[in-house]
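Data first, discussion second: the structure below is written as structure tokens.
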Amino acid sequence: MNEHEIQQFAEAVTKGIFANTQPQKSPEEILLDELCSKHCAAELHSLWRVAQLVRNAGFEIW
-3 MNEHEIQQFA
7 EAVTKGIFAN
17 TQPQKSPEEI
27 LLDELCSKHC
37 AAELHSLWRV
47 AQLVRNAGFE
57 IW
């Protein structure tokens, strides 16, 4: 998702497009759930692991 898509999704949640599902979560929690799905979490963990390996090899990456 790019920044524009994230903004559109956040607006949709805020406007209650998902009201028919009557979520027990706040719009912010719904957005976080969408952005932090298991697939996303796995990708982030993989990136974190690669960054850790690069840093352990002695390279400065941040």
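In the numbering used here, the protein residues as written are -3 to 58.
Cβ atoms here follow ideal geometry from the backbone N, Cα and C, with glycine treated the same way.
Since this is a predicted model, take the numbers as computed values, not measurements.
Practice task
Can you say whether Ile2 is buried or exposed, counting buried as having 16 or more other CB atoms within 10 angstroms of its CB?
Solution key: Flag for Ile2 reads exposed.
Using 9 Å as the threshold, is the C-beta distance between Phe5 and Glu39 below it? For Phe5 and Glu39, no; Cβs fall outside 9 Å.
request  = Compute the minimum distance between the beta carbon of His0 and the heavy atoms of the ligand FMN, and state whether it is under 8 Å.
outcome  = Summarising the ligand content, the structure contains no ligands, and the ligand FMN is consequently not present.
Where does Gln3 sit, in a helix, a strand or coil, going by DSSP? In the displayed model, Gln3 falls within a helix according to three-state DSSP.
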